[in-house]
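Asks: First the structure, which I've put down as structure tokens, then a few questions once you've had a look.
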Amino acid sequence: MTETPDVVVLREGTEGLSMESYAETLRERLPERTVALARTPKQERELVAGARVATGIDLDPELVESAENLELFACTFAGTDHVPTDELAARGVGVTNAGGIHAPGIAEQAIGNMLTFARRLHEGWRRKRNNEWRHFQSGEFTDSTVTVVGLGSIGQAVVQRLQGFEVETIGVRYTPEKGGPTDEVVGFDEDAVHDALSRSEYVIVACPLNDLTRGLVGEAEFATMPPEAVLVNTARGGIVDTDALVSALQSNKIRGAALDVTEPEPLPNDHELWDLENCLLTPHTGGHTPKHWDRLADIVAENLDRLESGEELVNEVLAPGGE
Numbered sequence: 001m002t003e004t005p006d007v008v009v010l011r012e013g014t015e016g017l018s019m020e021s022y023a024e025t026l027r028e029r030l031p032e033r034t035v036a037l038a039r040t041p042k043q044e045r046e047l048v049a050g051a052r053v054a055t056g057i058d059l060d061p062e063l064v065e066s067a068e069n070l071e072l073f074a075c076t077f078a079g080t081d082h083v084p085t086d087e088l089a090a091r092g093v094g095v096t097n098a099g100g101i102h103a104p105g106i107a108e109q110a111i112g113n114m115l116t117f118a119r120r121l122h123e124g125w126r127r128k129r130n131n132e133w134r135h136f137q138s139g140e141f142t143d144s145t146v147t148v149v150g151l152g153s154i155g156q157a158v159v160q161r162l163q164g165f166e167v168e169t170i171g172v173r174y175t176p177e178k179g180g181p182t183d184e185v186v187g188f189d190e191d192a193v194h195d196a197l198s199r200s201e202y203v204i205v206a207c208p209l210n211d212l213t214r215g216l217v218g219e220a221e222f223a224t225m226p227p228e229a230v231l232v233n234t235a236r237g238g239i240v241d242t243d244a245l246v247s248a249l250q251s252n253k254i255r256g257a258a259l260d261v262t263e264p265e266p267l268p269n270d271h272e273l274w275d276l277e278n279c280l281l282t283p284h285t286g287g288h289t290p291k292h293w294d295r296l297a298d299i300v301a302e303n304l305d306r307l308e309s310g311e312e313l314v315n316e317v318l319a320p321g322g323e
């Protein structure tokens, strides 16, 4: 512990993954750098004090205060609202996030959920549980219209995987004038969103939760969607009005929903959503991937080079120097 490391991996793990495996992956990417794993609070205090880069879920403001050489905090989450950015900015420490590393898995799950509803696979699973060999009618995904709300890394990954399915795509983004990978791109204004929803068999929510998007899909939006529409929420539970969703599912205003996120979360065991046959639920596992540390280590390794060249950092939230 006497050697001053280039990178310190903080001790708190994420998504059931070992921080030791993260540190080992970083060592493989950075054979000429020193990577240390802080296993205790004491080791964190000692190692962060001299390191150039710290990486983990969060960084205690007290550690920031004592970090004389710190240039970058690489957050292992996509969201950084919990990170003490004011303290880091005051010390000129840059911040990056893990945005994009979950996109392939989330996109695959979104596609799987749409195909499940298109082919009514969940009905087949129910009949199998009952040992019931009885035919049922299925639909086709081909010629559907899919609206993707949010064209960030997740939304783009979904659209990429939709190629070849012979569907029409509508993208909703903050800056529609920039265009996008979908057949049509619209903004977040109410009329444009409702027009897109009115034409969609599938609606994928893949945007951040903020003041604009909180409650974006509610009673009025469910009234606009056609009765065959399916809602797929890959983003945050608060973007969808849960009470309005329950009502829409119970009254067949829409065909179904697939939720990897809910509001509240975790979903209480007695919540009505659990008992609705037209609602598929997964416990916020859409982004789980065995490539988690590989993708994150690639970002951190690239940013170490960029720190030295002065280039903009990958997944930059706060630039070094507090800009």
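Using the UniProt record's numbering, the first residue of the sequence shown is number 1, and each one after it goes up by one. Don't be surprised by glycine CBs; every beta carbon is placed ideally from N, CA and C.
1. Which same chain residues end up closer than 6 angstroms to GLY117 when comparing Cβ atoms and leaving out the 5 residues on each side of it in sequence?
2. Considering only the alpha carbon of each residue, which of MET114, THR213, GLU123 lies closest to PHE165?
3. Output needed for VAL93: all residues of its chain with C-beta closer than 8 angstroms, excluding positions within five of it in sequence on either side, in chain order.
4. For MET1 and VAL48, what's the separation of their Cα atoms in angstroms?
5. Kindly give me the distance between the Cβ atoms of GLY286 and GLN109, rounded to whole angstroms, as I take these residues to be in contact under 8 angstroms.
6. Would you report the Cα separation of CYS279 and VAL158, rounded to the nearest angstrom?
7. Report the option in THR25, ALA51, THR14, THR182 whose CA atom is closest to the CA atom of GLU3.
8. Classify PHE73 as helix, strand or coil using the three-state DSSP reduction.
9. Expressed to the nearest angstrom, what Euclidean distance is found between the alpha-carbon atoms of LEU267 and GLU62?
10. Residue range of the beta strand (DSSP E) that ALA258 falls in?
11. Closer than 6 angstroms by C-beta to ASN97: which residues in its own chain qualify, once you throw out the five before and the five after it? Chain order, please.
12. With 16 as the cutoff for other CB atoms within 10 Å, does TRP293 come out buried or exposed?
13. How big is the Cα-Cα spacing for ARG11 and ALA206?
14. Taking the alpha carbon of ASN303 as the point to measure from, which residue in LEU26, PRO208, LYS291 has its own alpha carbon closest?
15. Below 8 angstroms on the Cβ atoms is my guess for THR234 versus ILE204; work out the distance and round it to an integer in Å.
16. Identify whether VAL9 lies in helix, strand or coil by the three-state DSSP scheme.
17. If you run the structure through DSSP and keep just helix, strand and coil, what is MET1?
18. Between the Cα of GLN156 and those of GLN43, VAL185, SER138, spot the shortest distance and give me the residue it belongs to.
19. CB-CB under 6 angstroms to LEU259, same chain, minus the five flanking residues each way: which ones, in chain order?
20. Provide the residue span of the beta strand (DSSP E) that contains LEU30, from first to last.
Replies: So, from the data block:
1. Counting from 1 along the sequence shown, the entry for residue 117 is found at position 117. The question names Gly, yet the displayed sequence has Phe at residue 117. The answer, listed in chain order, is VAL230, GLY256.
2. The residue given as residue 165 occupies position 165 in the sequence shown. Selected option, being the one with the closest Cα: MET114.
3. Counted from its first residue, the sequence shown places residue 93 at position 93. Excluding residues within five positions, the ones whose Cβ falls inside 8 angstroms are VAL64, ALA67, LEU70, GLU71, LEU72, PHE73, LEU318, PRO320, GLY322.
4. Mapped onto the sequence shown, residue 1 falls at position 1. Mapped onto the sequence shown, residue 48 falls at position 48. Reliability fails at MET1, whose pLDDT of 45 lies under 50, so the model's placement of it is uncertain and no value is given.
5. As a first step, residue 286 must be located in the sequence shown, where it is residue number 286. As a first step, residue 109 must be located in the sequence shown, where it is residue number 109. Their Cβ separation, rounded to whole angstroms, is 4 angstroms, which keeps GLY286 and GLN109 in contact under 8 angstroms.
6. The residue given as residue 279 occupies position 279 in the sequence shown. The residue given as residue 158 occupies position 158 in the sequence shown. CYS279 and VAL158: Cα-Cα distance of roughly 20 angstroms.
7. The residue you call residue 3 lines up with position 3 of the sequence shown. The option with the nearest alpha carbon to GLU3 is ALA51.
8. As a position in the sequence shown, residue 73 is number 73, starting the count at 1. Strand at PHE73.
9. As a position in the sequence shown, residue 267 is number 267, starting the count at 1. As a position in the sequence shown, residue 62 is number 62, starting the count at 1. Taking the straight line from one Cα to the other gives about 34 angstroms.
10. On the sequence shown, position 258 is the one that residue 258 refers to. Run containing ALA258: 256-259, per the beta strand (DSSP E) assignment.
11. Taking the first residue of the sequence shown as 1, we reach residue 97 at position 97. Result list for ASN97: CYS75, ALA78, THR80, ASN315, VAL317, in chain order.
12. Looking up residue 293 in the sequence shown gives position 293. Counting Cβ neighbours within 10 Å, TRP293 comes out buried, since at least 16 surround it.
13. As a working note, residue 11 is residue 11 in the sequence shown. As a working note, residue 206 is residue 206 in the sequence shown. Cα to Cα, the separation comes out at about 30 angstroms.
14. Mapped onto the sequence shown, residue 303 falls at position 303. Nearest C-alpha to ASN303: LEU26.
15. The count along the sequence shown starts at 1 and reaches residue 234 at position 234. The count along the sequence shown starts at 1 and reaches residue 204 at position 204. Right, their Cβ atoms sit about 6 angstroms apart.
16. For the purposes of this step, residue 9 is taken as residue 9 along the sequence shown, with counting starting at 1. VAL9: strand per DSSP, three-state reduction.
17. In the sequence shown, the residue the question calls residue 1 occupies position 1. The pLDDT assigned to MET1 is 45, lower than 50, so where the model puts this residue is not dependable; a value taken from the coordinates is nonetheless given after this. Coil.
18. Here residue 156 refers to the residue found at position 156 of the sequence shown. Comparing Cα positions, the closest option is VAL185.
19. Residue numbering aside, residue 259 sits at position 259 when the sequence shown is read from its first letter. ASN233, LEU281, listed in sequence order.
20. By 1-based counting over the sequence shown, the position of residue 30 is 30. Neither: LEU30 is in no beta strand (DSSP E) and is coded neither H nor E.
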